[in-house]
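The structure appears right after this line, and notes come after that.
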Ligand code: AMP
Ligand code: MG
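Residue numbers (the working numbering): 259 to 579.
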């Protein structure tokens, strides 16, 4: 697929990634101020600035489309210093930005997940971002419960001897990657052809609290996998899987959070990339992911993403854990 044949929504989403990466990398060079949201998860200047930047672009280009983003302006509007810092960051890209516009844009990203809507995790893996490890700017378009396209921008990912790469895919058109360079070429992404579960490499969350590490260990033993899982924050895991650098990515519900249901922004962008690269994604019981249930995947428990070849064997092994 050369760039001329890209659907305009996909080209639009790809074009936004350079601005997102400019914000996150600049914030990382400066001081990263961290706040805690009501659910105690961390949020930074970068999360707000990226959501504001992407939301204004969607509002301008696709005014009919809703945006379902992770952030709201609730905390921001009570913290003048934080709002000033976010405004300063977005102004580097959009000189006419004001604090009022920032709050309006961020709240435009509190749309309803109905019909056709965009889904944004401005900084997926905020903890990885804070650790200066992996994180992603993740954007998808959903229409009637189907993920039409996904873009996973990974500014800190080392891939093909360079730092920073984005993966993107639209339905039926394969998965692709390119660097952030404005004139960069795109290259196809394909999952690996490893067919034996015992030879598989596992990707898992860096955060122990986001998964069931003991069960992954048990799974590895039963499957005869001797290599240590690769721990990584964010949907950068889906980039690695789509690129054939690992065979499965597992998210098992932790013992103390059996009620946890995935947010759509943590899955939708990478989901389309993995499927188009030839992989398969279900929940940990083998059920297809159901993106029609609102902000969370209410009907799904955990996630199993693989190169496809080993999926059934992985599921049957999981059932024995
Ligand atoms: P990861 O980097 O793969 O660990 O995924 C990061 C995402 O995990 C965050 O954006 C959160 O939305 C999500 N998350 C937070 N708490 C949990 C939990 N208890 N179980 C699974 N995922 C979680
Ligand atoms: Mg996230």
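Beta carbons: idealized from backbone N, C-alpha and C, even for Gly.
Given this structure, state the Cα-to-Cα distance separating residue i from residue j, to the nearest angstrom.
i	j	result
residue 351	residue 284	12 Å
residue 474	residue 579	9 Å
residue 449	residue 428	16 Å
residue 287	residue 515	35 Å
residue 365	residue 456	47 Å
residue 404	residue 345	34 Å
residue 399	residue 362	21 Å
residue 422	residue 410	11 Å
residue 437	residue 560	31 Å
residue 371	residue 544	24 Å
residue 412	residue 264	20 Å
residue 508	residue 573	11 Å
residue 299	residue 517	17 Å
residue 319	residue 267	9 Å
residue 439	residue 480	44 Å
residue 396	residue 385	15 Å
residue 322	residue 393	29 Å
residue 483	residue 571	13 Å
residue 536	residue 500	8 Å
residue 356	residue 279	21 Å
residue 315	residue 272	12 Å
According to DSSP, what are the bridge partners of residue i?
i	result
residue 444	436
residue 518	Its beta-bridge partners do not exist; DSSP assigns none.
residue 508	562
Using C-beta distances below 7 Å, list every residue in its chain close to residue i, excluding the 5 sequence neighbours before and after it, in chain order.
i	result
residue 304	281, 282, 285, 381, 387
residue 329	301, 305, 306, 309, 364, 367, 380
residue 470	510, 511, 512, 513
Looking only at its chain, what residues have a beta carbon closer than 8 Å to the beta carbon of residue i, apart from the 5 residues adjacent to it on each side?
i	result
residue 333	293, 295, 301, 340
residue 434	259, 425, 426, 427, 444, 445, 446, 447
residue 465	385, 491
Is it right to say residue i is buried, meaning 16 or more other beta carbons lie within 10 angstroms of its own, or is it exposed?
i	result
residue 289	exposed
residue 549	buried
residue 424	buried
residue 492	buried
residue 504	buried
residue 490	buried
residue 270	buried
residue 530	buried
residue 353	exposed
Tell me which same chain residues have a C-beta within less than 6 Å of the C-beta of residue i, skipping the five on either side of it?
i	result
residue 567	453
residue 312	274, 378
residue 326	369, 371, 375, 377
residue 569	538
residue 401	374
In terms of residues, what are the limits of the beta strand (DSSP E) holding residue i?
i	result
residue 352	No beta strand (DSSP E) holds residue 352; DSSP gives it neither H nor E.
residue 423	420–428
residue 538	538–540
residue 382	374–382
residue 293	292–294
What residue range does the alpha helix (DSSP H) around residue i cover?
i	result
residue 608	Residue 608 lies beyond the residue range present for the chain, which begins at 259 and ends at 579; the question has no answer from this structure.
residue 400	Here residue 400 belongs to no alpha helix (DSSP H); instead the beta strand (DSSP E) covers 394–401.
residue 417	Unbroken run through residue 417 is the beta strand (DSSP E), 404–417; no alpha helix (DSSP H).
residue 498	494–500
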